[in-house]
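Residue numbers (this note's numbering), protein chains in the order written: chain A, 110 to 223; chain B, 2 to 111.
This is the structure in structure tokens:
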């Protein structure tokens with residue numbers, strides 16, 4: 110079966126542009142997570158969905174970051190008015206259930222803000 | 002909250018050398034512990050995990066033992082290959098999310 114997929118794989122944006130990053134989780138997975146990975150660092154949590162409900166958005170760095178998962182499957186992370194400090198790899202992960210701790214990661218979207 | 006500390010890299014080894022990457026954790030209770038690997042240009046892949054104290058996780062020749070006495074989960078491999086060159090992350094769950102270490106880059110030369 111297919112794993113987690115993300116698109117685009119690479120995105121170059123000019124400062125001030127809005128961007129949208131897409132995540133297709135493994136089919137049937139209940140939980141979906143977004144992480145931000147700065148160069149040379151480990152991934153850091155951004156937000157978490159259980160089905161369509163966003164249960165934790167404590168990691169979103171500012172109100173310019175917004176995530177949704179309207180039908181409990183595909184998710185979109187949107188960044189408004191991008192800044193240079195937003196440059197990072199954005200990783201999406203999914204998990205089969207609320208209690209399953211193992212997360213399966215996509216290849217990430219590398220965002221470069223110029 | 003829960004946290005992990007990993008040894009800094011890079012770790013540079015010759016092929017067939019023995020590998021240890023140290024990871025220690027701080028946690029409430031006894032959560033599962035994970036090692037993830039990130040090959041160049043790719044996302045994270047689960048390498049192995051252990052769900053309770055004294056458990057040993059293993060995969061692809063890598064092993065790690067959950068030691069609650071020393072709060073450690075060190076990654077080991079008896080004989081590394083060039084293809085093992087990657088960044089390795091220790092992680093544990095906290096409030097549904099995963100908390101990662103900063104990663105340790107492994108470079109294996111022929």
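Note that CB positions come from ideal geometry on N, CA and C, so glycine has one too.
Can you pull the DSSP bridge partners for residue 213 of chain A?
Partner(s): A:203.
Along chain B, in chain order, which residues have C-beta atoms closer than 7 Å to that of residue 157 of chain A?
Residues of chain B passing the Cβ test: 97 and 98.
Taking the beta strand (DSSP E) that residue 4 of chain B belongs to, which residues open and close that run?
For residue 4 of chain B, the uninterrupted beta strand (DSSP E) segment begins and ends at 4-7.
Just grab the DSSP bridge partners of residue 58 of chain B for me.
B:65, per the DSSP bridge assignment.
What is the rounded straight-line gap between the Cα of residue 117 of chain A and the Cα of residue 54 of chain B?
Rounded to the nearest angstrom, the two C-alpha atoms are 40 Å apart.
Buried or exposed: residue 71 of chain B, going by 16 or more other Cβ atoms within 10 Å of its Cβ?
When all chains shown are included, residue 71 of chain B counts as exposed.
Short check: CB of residue 183 of chain A to CB of residue 134 of chain A, under 9 Å?
Taking 9 Å as the Cβ cut-off, residue 183 of chain A and residue 134 of chain A qualify as a contacting pair.
Residue 12 of chain B (DSSP reduced to helix, strand or coil):
Secondary structure at residue 12 of chain B: strand, using DSSP grouped into helix, strand and coil.
Between which residues of its own chain and residue 197 of chain A is the CB-CB distance below 7 Å, once the five residues before and five after are set aside?
Hits under 7 Å: 145, 146, 147 and 220.
In three-state DSSP terms, what is residue 110 of chain B?
DSSP places residue 110 of chain B in strand when its eight states are reduced to three.
Name the two residues that bound the continuous beta strand (DSSP E) containing residue 78 of chain B.
According to the DSSP assignment, residue 78 of chain B belongs to the beta strand (DSSP E) that extends over 76-78.
Nearest-angstrom Cα separation, counted from residue 25 of chain B out to residue 57 of chain B:
Rounded to the nearest angstrom, the two C-alpha atoms are 15 Å apart.
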